[in-house]
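**Q**
There are 2 protein chains.
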Amino acid sequence: MKKIGKQTYKIDGDVSILSTACIAGPKEKAGPLSKFFDQTVDDEFWGEETWEKAESKFIKETAELAINKSGLPTNSIDFCFAGDLINQCTTSSFGLMNLNIPYFGVFGACSTFVETNLLGSSMIDGGFAQNVLCACSSHFCSAEKQFRFPLELGNQRPPSAQWTVTAAGASVLIKDGNGPFIRTLTPGKIVDMGIKDAANMGAAMAGAALDTLVTHFNDTGRTPDYYDMIFTGDLGYIGKDILIDLSRESGFDISNNYDDCGVLIFDKKTQDTHSGGSGCGCVASVFGGYIYNQLKSGQLKKILLIATGALTNALTTQQGQTIPGIAHAISIEV
Amino acid sequence: MKKIGKQTYKIDGDVSILSTACIAGPKEKAGPLSKFFDQTVDDEFWGEETWEKAESKFIKETAELAINKSGLPTNSIDFCFAGDLINQCTTSSFGLMNLNIPYFGVFGACSTFVETNLLGSSMIDGGFAQNVLCACSSHFCSAEKQFRFPLELGNQRPPSAQWTVTAAGASVLIKDGNGPFIRTLTPGKIVDMGIKDAANMGAAMAGAALDTLVTHFNDTGRTPDYYDMIFTGDLGYIGKDILIDLSRESGFDISNNYDDCGVLIFDKKTQDTHSGGSGCGCVASVFGGYIYNQLKSGQLKKILLIATGALTNALTTQQGQTIPGIAHAISIEV
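Residue numbers (the working numbering), protein chains in the order written: chain V, 1 to 334; chain G, 335 to 668.
#1: Please classify V:Q39: does DSSP put it in a helix, a strand, or coil?
#2: Provide the residue(s) that pair with V:M229 in DSSP beta bridges, ordered along the chain.
#3: Measuring only the C-alpha atoms, how far is G:R517 from V:C141?
#4: Can you find a CB in chain V that lies within less than 8 Å of the CB of G:S427?
#5: Check each residue of the stretch 645-660 of chain G: if its Cβ is closer than 8 Å to any Cβ of chain V, include it; give the result in chain order.
#6: Hey, is the stretch 12-27 of chain V in contact with the stretch 66-86 of chain V, meaning 3+ C-beta pairs nearer than 8 Å?
#7: Just to check my reading of the structure: G:D418 and G:S472 have Cβ atoms closer than 8 Å, yes? What is that Cβ distance to the nearest angstrom?
#8: For a contact meaning CB atoms closer than 7 Å, what does V:K189 contact in chain G?
#9: Let me see if you follow: with CB-CB separation under 8 Å, is G:Q422 close to chain V or not?
#10: Run through DSSP, which three-state label would V:D259 get?
#11: Please state whether DSSP places V:V165 in a helix, a strand or coil.
#12: Which chain V residues are close to G:S368, counting only those with a beta carbon under 7 Å from its beta carbon?
#13: What does the Cβ neighbour count give for G:L487, buried or exposed, with the cut at 16 atoms within 10 Å?
#14: Between V:C282, V:N100, V:T220, V:L300, which has its C-alpha nearest V:F37's C-alpha?
#15: Is the beta carbon of G:G454 sitting closer than 8 Å to the one on G:C470?
#16: Counting only runs of 3+ residues fully inside the stretch 592-626 of chain G, write out the beta strand (DSSP E) ranges in chain order.
#17: Which residues in chain V sit within 8 Å of G:L453, going by Cβ to Cβ distance?
#18: In its own chain, which residues sit with a C-beta less than 6 Å from the C-beta of V:A82, not counting the 5 before and 5 after it?
#19: Unbroken beta strand (DSSP E) runs of length 3 or more, entirely within the stretch 383-412 of chain G: which are they?
#20: Would G:E383 be called buried (16 or more neighbouring beta carbons within 10 Å of its own) or exposed?
#21: If we define contact as Cβ-Cβ less than 8 Å, is G:D568 a contact residue for chain V?
#22: Could you compute how far the alpha carbon of G:V597 sits from the alpha carbon of G:G570?
#23: Quick one: residues in its chain with C-beta nearer than 6 Å to the C-beta of V:D42, no 5 flanking neighbours on either side, listed in chain order?
#24: Using DSSP bridges, identify the partner residues of G:L580.
#25: Please classify V:Q7 as buried or exposed, where buried requires at least 16 other C-beta atoms within 10 Å of its C-beta.
#26: Pick out whichever of G:A400, G:L639, G:D606 has its Cα sitting closest to the Cα of G:L544.
#27: For chain V, find out if any of its Cβ atoms is closer than 8 Å to the Cβ of G:T384; answer yes or no.
#28: Is there a Cβ of chain G sitting closer than 8 Å to that of V:D211, yes or no?
#29: Can the beta-carbon of G:T749 be found less than 8 Å from the beta-carbon of G:G528?
#30: CB V:T166 to CB V:E64, shorter than 8 Å?
#31: Would you mind reading off the limits of the alpha helix (DSSP H) that contains V:F140?
#32: Inspect the beta-carbon positions of V:C110 and V:G279 and report whether they are closer than 8 Å.
#33: Per DSSP, G:K337 forms a beta bridge with which residues?
#34: For V:N117, count neighbouring C-beta atoms within 10 Å of its own C-beta (all shown protein chains included) and say buried if the count is 16 or more, exposed if not.
#35: When you check each C-beta in the stretch 479-510 of chain G against every C-beta of chain V, which residues fall closer than 7 Å?
#36: Once DSSP output is grouped into helix, strand and coil, what is the label at G:G643?
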């Protein structure tokens, strides 16, 4: 492990993403990335009595599927890093407790998936672990109920709102292996743009994405064309446009090879999700399916994955506070 | 870094706890550990308009004090690991955002302080960081309001209930240094004892503490007498007694050199806290003051610090789910 520049770290050995898995809900099934999910579920309850229990089932089944696809015995996984959006991250702890693996709960809001992979690959490169499981989930119904309004109210959502994705994604990281390889890590700082509108998370998080993106380029001496694709997750349409503008002002034009997982996962014309998808499960499932497949097939050879989180809760919004953002980045190469 | 046994890790180089800080509230000031806190505050609001904002101030001031005491410039801190009990860990993110340090939010309920130190020391030993800040907080008023009942109701608390500590604790870890040194890490698995009573967290967490304690002894070949003291945080009176009994049944008698931070922080006779203290800020502030002082003075030379967390929220309790526990351990030697 070598620090390059201000806050980017180059992995010395090889850390491979041996397998991924993603399971998504009915709205995601109806979207453009449907065929890339390992499994889709038609019932948002997935046979459980509550949305929260359903979300736990999403992360449980997804984590087990990622382990199955890796071919590793579960007891050879040294650590699990996991998190979600639900208060006290109970989706993850209830969903993953039967795995019986040493467990680190992390919270980075929608940046959690990259946070888990960043910490997991650090533990492998630092010699602490051979195999690490990373997992994240989100659920539209449990998130709306907790962060905004009861679904039964049928509240209208403003055009800047994003739609929390019902999905889980997981990855199994191993020492060495044949790739795709996690090559650099750029952990993010908390950035406060002063945004107070909880229905405009993209704008709140764009500043954090910019900070991590520009730091990554400055630290590595790279420019956007180093990467086949740069992905954020999940700024949505509004945040994506802001990031393109702000990064151009900072001297980096990403408009040719950049997209956002929240933009990719739903069809804008037919699915009425306004500014696109969001939630820990969005970047986790889009990476686990659509992006990872392209890395495995060689269609993508070098990517930068930046996950962004809004560090807020229902109470801080009620108490008039701003919505600080954070963005963690990892680069992946085949 | 070397794995020993099943899930314990020995740090190869030296990771020192260069400094700690702890700031506590009025009830903690009235307790037996009063003189060990760096600062105490007489007003639970600490001049803020809400308890949540006050809790953010506790972690902010404590983190800044730990950095000041370390003598390091803030911009030489590579990472901050932090967490708390508030939904979406906003106490930490709001309290620490102005530090402008790459930030990892973690969630392990009351085990969070040891989780941050475990991950922080891994990052140093793995070569990713020279200096790491770890910080945690809890606040009686914000926690009661969020997890149980509005304080204004004046609800009676059952004798098995613990009292959430109003305090924050922080540590600055560095590569090399003169100690106290973090020597071994035993991350915990999620353990479900089947307890459903949210007013009996000690019983819910004792099984996780036992699992990590016994694993640590088996992995290292050590017995309780290897350590001057074993501390848990925070099982309280009931959980402490359960752990003594269960560990004796497992072949390890810890009754002579074991105590619990939740037992230590309040006076049982005069302070009416029933089963003792709890909350991320309990172990963080008791370690940051009372325990760290004894390590620095040489009164304690070898300790095992096990922090325990109840992985629950208000909703899982309402939905009839159990309260799974987790316990992370680090050993510290001078």
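No residue lacks a Cβ here, since even glycine has one placed at the ideal position from N, Cα and C.
**A** On the basis of the supplied data:
#1: strand
#2: V:I303
#3: 44 Å
#4: yes
#5: L645, T646, N647, A648, L649, T650, Q653, Q655, P658, I660
#6: A contact exists between the stretch 12-27 of chain V and the stretch 66-86 of chain V.
#7: 6 Å
#8: N434, I435, P436, Y437
#9: yes
#10: strand
#11: coil
#12: Simply none; closest approach about 30 Å.
#13: Residue environment: G:L487 is assigned as exposed (fewer than 16 neighbouring CB atoms within 10 Å of its CB, all protein chains considered).
#14: V:C282
#15: No. Outside cutoff.
#16: 592-594
#17: F104, L119
#18: S92, L96, A135
#19: Counting only runs of 3 or more, we get nothing.
#20: exposed
#21: no
#22: 5 Å
#23: P26
#24: DSSP, once it has assigned bridges, lists no residue as partnering G:L580.
#25: buried
#26: G:L639
#27: In terms of beta-carbon proximity, G:T384 lines the interface with chain V, with at least one pair separated by less than 8 Å.
#28: no
#29: What the structure shows of chain G is the stretch from 335 to 668, and residue 749 of chain G is not part of that stretch, so it cannot be assessed.
#30: no
#31: DSSP places V:F140 in the uninterrupted alpha helix (DSSP H) bounded by 140-147.
#32: A contact, by the Cβ cut-off of 8 Å.
#33: G:Y343
#34: When all chains shown are included, V:N117 counts as buried.
#35: none
#36: strand
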